[in-house]
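Engineer: Input: one structure, supplied below.
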Amino acid sequence: MPQIIFLPHEELCPEGAVVEATPGETIIDAALRNGIEIEHACEMSCACTTCHVIVREGFGSMDESDDLEDDMLDKAWGLEPDSRLSCQAVVKDTDLTVEIPKYTINQVSERQ
297 MPQIIFLPHE ELCPEGAVVE ATPGETIIDA ALRNGIEIEH ACEMSCACTT
347 CHVIVREGFG SMDESDDLED DMLDKAWGLE PDSRLSCQAV VKDTDLTVEI
397 PKYTINQVSE RQ
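Everything in the sequence shown is counted per the working numbering, starting at 297 for the first residue and increasing by one.
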């Protein structure tokens, strides 16, 4: 099984985390299943950018983003060439290293 290495994030996983992923699941599904509460204001329907992540290693192993995801990513805070919406990024057989950006463009966070 592939692993996803989540780099440390001050609020969501201060120590970082290494989680097992099932090929065919999305990055956010693997994160949520392991207690990493990546924000997902649109309930993972590719209608916002709150689940934006940067895939630092393994980016090329995933299918390319589609036009809808690319259009949404254009609105993401801190967009980088290896950015993906974690609700759309499907894990294959390769390990990934993922960074969760410090900020989202969501004006109201459900976390308190």
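Just so it is clear, CB atoms sit at the ideal spot from N, CA and C, and this is done for glycine as well.
Would the beta-carbon of P304 fall within 8 Å of that of E311?
Structural biologist: Yes, they are a contact pair.
Engineer: Which residue's Cα is closest to the Cα of D363: G374, I396, S357, L381?
Structural biologist: The shortest Cα separation from D363 among G374, I396, S357, L381 belongs to L381.
Engineer: Could you give the distance in angstroms between the alpha-carbon of V246 and the alpha-carbon of V315?
Structural biologist: Here the chain has residues from 297 to 408 only, and residue 246 is not among them.
Engineer: Could you check what DSSP says for S361 in three-state terms: helix, strand or coil?
Structural biologist: Note: S361 maps to coil in three-state DSSP.
Engineer: Are the beta-carbon atoms of I324 and I396 separated by less than 8 Å?
Structural biologist: Their beta carbons are not under 8 Å apart, which means I324 does not touch I396 by this criterion.
Engineer: Among residues of its own chain, excluding the 5 on either side of D413, which ones have a beta-carbon nearer than 7 Å to its beta-carbon?
Structural biologist: As shown, the chain starts at 297 and ends at 408. That puts residue 413 outside it, with no answer to give.
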